[in-house]
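These notes concern the structure reproduced below.
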Amino acid sequence: MRTFFGFLYIIIPHYFLLMFIMFWGGILSFISWWAVLFTAKYPKGMFNYQVNMRKWTIRVSARLYNMADGYPSFGLKGTDGNTNIEVPYPATLSRGLLLLRFFFGFIYVYIPHGFCLFFRGIATCFLSFLAWWAILFTGKYPKSWFDFNVGTIRWLMRVDLYMSWMDDKYPKFSGKEFEEELTNLAPTQM
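The sequence shown begins at 345 in our numbering and counts up one residue at a time.
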(Lines of atoms letter the chains of each structure in order from A; the text may use other names.)
(Lines give C-alpha, C1' and ligand atoms only; values in the text may rest on other atoms or scores of the structure.)
Protein backbone atom coordinates (compact mmCIF):
# COMPACT_ATOMS: atom_id res chain seq x y z
CA MET A 345 0.00 0.00 0.00
CA ARG A 346 2.87 2.38 0.86
CA THR A 347 4.37 1.92 -2.61
CA PHE A 348 1.19 2.94 -4.41
CA PHE A 349 -0.35 5.44 -1.99
CA GLY A 350 2.66 6.58 0.03
CA PHE A 351 2.72 9.76 -2.00
CA LEU A 352 -0.69 10.70 -0.65
CA TYR A 353 -0.39 9.78 2.99
CA ILE A 354 3.35 10.07 3.66
CA ILE A 355 5.00 12.46 1.21
CA ILE A 356 2.35 15.18 0.99
CA PRO A 357 1.76 15.76 4.73
CA HIS A 358 5.36 15.28 5.84
CA TYR A 359 7.03 17.26 3.08
CA PHE A 360 4.44 20.02 3.33
CA LEU A 361 5.50 20.56 6.95
CA LEU A 362 9.17 19.86 6.24
CA MET A 363 9.14 22.59 3.61
CA PHE A 364 8.57 25.17 6.37
CA ILE A 365 10.92 23.41 8.78
CA MET A 366 13.67 23.35 6.14
CA PHE A 367 13.07 27.01 5.25
CA TRP A 368 13.62 27.95 8.89
CA GLY A 369 16.60 25.56 8.95
CA GLY A 370 18.10 27.51 6.05
CA ILE A 371 17.75 30.77 7.97
CA LEU A 372 19.34 29.18 11.05
CA SER A 373 22.13 27.79 8.88
CA PHE A 374 22.87 31.31 7.60
CA ILE A 375 22.96 32.67 11.16
CA SER A 376 25.09 29.78 12.37
CA TRP A 377 27.62 30.40 9.59
CA TRP A 378 28.26 33.83 11.05
CA ALA A 379 28.35 32.42 14.58
CA VAL A 380 30.96 29.83 13.58
CA LEU A 381 32.97 32.50 11.73
CA PHE A 382 33.17 34.78 14.77
CA THR A 383 33.11 32.30 17.67
CA ALA A 384 34.24 28.95 16.17
CA LYS A 385 31.15 27.40 17.77
CA TYR A 386 27.84 26.28 16.30
CA PRO A 387 25.03 27.60 18.56
CA LYS A 388 23.78 24.56 20.50
CA GLY A 389 20.05 25.24 20.01
CA MET A 390 20.48 25.74 16.27
CA PHE A 391 22.60 22.60 16.06
CA ASN A 392 19.91 20.55 17.80
CA TYR A 393 17.27 21.97 15.47
CA GLN A 394 19.31 20.95 12.41
CA VAL A 395 19.91 17.44 13.76
CA ASN A 396 16.22 16.95 14.59
CA MET A 397 15.26 18.15 11.10
CA ARG A 398 17.56 15.52 9.59
CA LYS A 399 16.15 12.83 11.88
CA TRP A 400 12.67 13.63 10.57
CA THR A 401 13.76 13.38 6.93
CA ILE A 402 15.48 10.04 7.62
CA ARG A 403 12.30 8.68 9.24
CA VAL A 404 10.34 9.56 6.12
CA SER A 405 13.03 8.31 3.70
CA ALA A 406 13.26 4.95 5.47
CA ARG A 407 9.53 4.41 4.85
CA LEU A 408 9.66 5.51 1.24
CA TYR A 409 12.55 3.11 0.53
CA ASN A 410 10.61 0.32 2.29
CA MET A 411 13.43 0.07 4.85
CA ALA A 412 11.16 0.44 7.88
CA ASP A 413 7.54 -0.31 8.62
CA GLY A 414 4.99 1.91 10.32
CA TYR A 415 4.09 5.52 9.83
CA PRO A 416 6.88 8.04 10.50
CA SER A 417 6.23 10.32 13.44
CA PHE A 418 5.74 14.02 12.82
CA GLY A 419 7.78 16.78 14.35
CA LEU A 420 11.28 17.65 15.34
CA LYS A 421 10.93 15.74 18.60
CA GLY A 422 9.42 12.66 16.92
CA THR A 423 10.94 9.32 17.76
CA ASP A 424 11.28 6.09 15.88
CA GLY A 425 12.43 2.64 16.93
CA ASN A 426 13.57 1.82 13.38
CA THR A 427 15.76 4.80 12.55
CA ASN A 428 18.22 6.85 14.51
CA ILE A 429 21.03 9.27 13.91
CA GLU A 430 23.34 10.63 16.57
CA VAL A 431 25.44 13.64 15.65
CA PRO A 432 27.89 14.74 18.34
CA TYR A 433 27.98 18.43 19.10
CA PRO A 434 31.43 19.78 18.13
CA ALA A 435 33.28 21.67 20.86
CA THR A 436 34.80 23.98 18.24
CA LEU A 437 34.77 24.26 14.48
CA SER A 438 37.50 25.49 12.16
CA ARG A 439 36.96 28.98 10.80
CA GLY A 440 39.40 28.28 7.98
CA LEU A 441 37.49 25.17 6.91
CA LEU A 442 34.25 27.15 7.14
CA LEU A 443 35.57 29.66 4.62
CA LEU A 444 37.10 26.94 2.45
CA ARG A 445 33.77 25.10 2.28
CA PHE A 446 31.87 28.30 1.62
CA PHE A 447 34.05 29.41 -1.29
CA PHE A 448 35.31 26.10 -2.73
CA GLY A 449 33.01 23.41 -1.31
CA PHE A 450 31.23 23.02 -4.60
CA ILE A 451 34.50 22.08 -6.28
CA TYR A 452 36.10 19.80 -3.72
CA VAL A 453 32.99 18.31 -2.10
CA TYR A 454 29.89 18.50 -4.28
CA ILE A 455 31.51 17.60 -7.60
CA PRO A 456 33.39 14.45 -6.53
CA HIS A 457 30.81 13.22 -4.02
CA GLY A 458 27.92 14.21 -6.27
CA PHE A 459 29.40 12.25 -9.17
CA CYS A 460 29.75 9.11 -7.05
CA LEU A 461 26.41 9.56 -5.29
CA PHE A 462 24.61 10.06 -8.61
CA PHE A 463 25.46 6.51 -9.68
CA ARG A 464 25.03 5.14 -6.18
CA GLY A 465 21.59 6.79 -6.07
CA ILE A 466 20.59 5.04 -9.29
CA ALA A 467 21.71 1.73 -7.78
CA THR A 468 19.81 2.52 -4.56
CA CYS A 469 16.59 3.19 -6.47
CA PHE A 470 17.05 -0.01 -8.46
CA LEU A 471 17.70 -2.07 -5.32
CA SER A 472 14.70 -0.47 -3.59
CA PHE A 473 12.55 -1.53 -6.53
CA LEU A 474 13.90 -5.09 -6.39
CA ALA A 475 13.57 -5.13 -2.60
CA TRP A 476 9.88 -4.28 -2.93
CA TRP A 477 9.41 -7.49 -4.87
CA ALA A 478 11.56 -9.46 -2.44
CA ILE A 479 9.52 -8.16 0.51
CA LEU A 480 6.29 -8.92 -1.33
CA PHE A 481 7.22 -12.57 -1.92
CA THR A 482 9.52 -13.43 1.00
CA GLY A 483 8.59 -10.88 3.65
CA LYS A 484 12.24 -9.85 4.05
CA TYR A 485 14.49 -7.14 2.72
CA PRO A 486 17.70 -8.82 1.43
CA LYS A 487 20.44 -7.83 3.90
CA SER A 488 23.10 -6.87 1.35
CA TRP A 489 20.65 -4.62 -0.50
CA PHE A 490 19.49 -3.11 2.76
CA ASP A 491 23.07 -2.44 3.86
CA PHE A 492 23.86 -0.82 0.51
CA ASN A 493 20.83 1.48 0.74
CA VAL A 494 21.59 2.40 4.36
CA GLY A 495 25.13 3.17 3.21
CA THR A 496 23.79 5.61 0.63
CA ILE A 497 21.83 7.43 3.33
CA ARG A 498 24.92 7.51 5.57
CA TRP A 499 27.10 8.89 2.79
CA LEU A 500 24.56 11.59 1.93
CA MET A 501 24.27 12.50 5.61
CA ARG A 502 28.06 12.86 6.00
CA VAL A 503 28.24 15.20 3.00
CA ASP A 504 25.26 17.17 4.31
CA LEU A 505 26.74 17.56 7.80
CA TYR A 506 30.11 18.64 6.42
CA MET A 507 28.65 21.18 4.00
CA SER A 508 26.27 22.49 6.68
CA TRP A 509 29.33 23.32 8.84
CA MET A 510 28.14 20.90 11.52
CA ASP A 511 31.26 18.72 11.24
CA ASP A 512 34.83 19.45 10.21
CA LYS A 513 35.70 15.94 9.03
CA TYR A 514 35.81 15.59 5.26
CA PRO A 515 33.14 12.99 4.32
CA LYS A 516 34.36 9.52 3.41
CA PHE A 517 33.70 8.13 -0.04
CA SER A 518 31.94 5.21 1.53
CA GLY A 519 28.60 4.04 2.79
CA LYS A 520 30.17 2.19 5.70
CA GLU A 521 29.21 3.06 9.24
CA PHE A 522 31.18 5.79 10.90
CA GLU A 523 32.11 6.22 14.54
CA GLU A 524 30.80 9.64 15.54
CA GLU A 525 27.53 9.56 13.64
CA LEU A 526 25.52 6.37 13.92
CA THR A 527 22.64 5.62 11.62
CA ASN A 528 20.77 2.50 12.65
CA LEU A 529 17.95 1.14 10.51
CA ALA A 530 16.28 -2.19 11.14
CA PRO A 531 15.31 -4.35 8.12
CA THR A 532 11.65 -4.51 7.21
CA GLN A 533 9.94 -7.64 8.48
CA MET A 534 6.50 -8.44 7.14
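Ideal Cβ placement from N, Cα and C applies to all residues, glycine included.
{"Asked": "Endpoints, alpha helix (DSSP H) assigned at S376", "Found": "I356 to T383"}
{"Asked": "Local conformation of G458 per DSSP, three classes", "Found": "helix"}
{"Asked": "Enclosing alpha helix (DSSP H) for A435 [first to last residue]", "Found": "Segment: none, A435 is in no alpha helix (DSSP H) and carries neither H nor E."}
{"Asked": "Short Cβ contact (8 Å threshold) for S417 with I497", "Found": "no"}
{"Asked": "Between the CA atoms of Y454 and T423 - distance to the nearest angstrom", "Found": "30 Å"}
{"Asked": "Beta-carbon proximity check, L352 vs K385, cutoff 8 Å", "Found": "no"}
{"Asked": "Close-in-space but distant-in-sequence residues of the same chain around R395 (CB under 6 Å, 5 per side omitted)", "Found": "At residue 395 the sequence reads Val, which differs from the Arg that was named. Closer than 6 Å at Cβ, skipping near neighbours: V431."}
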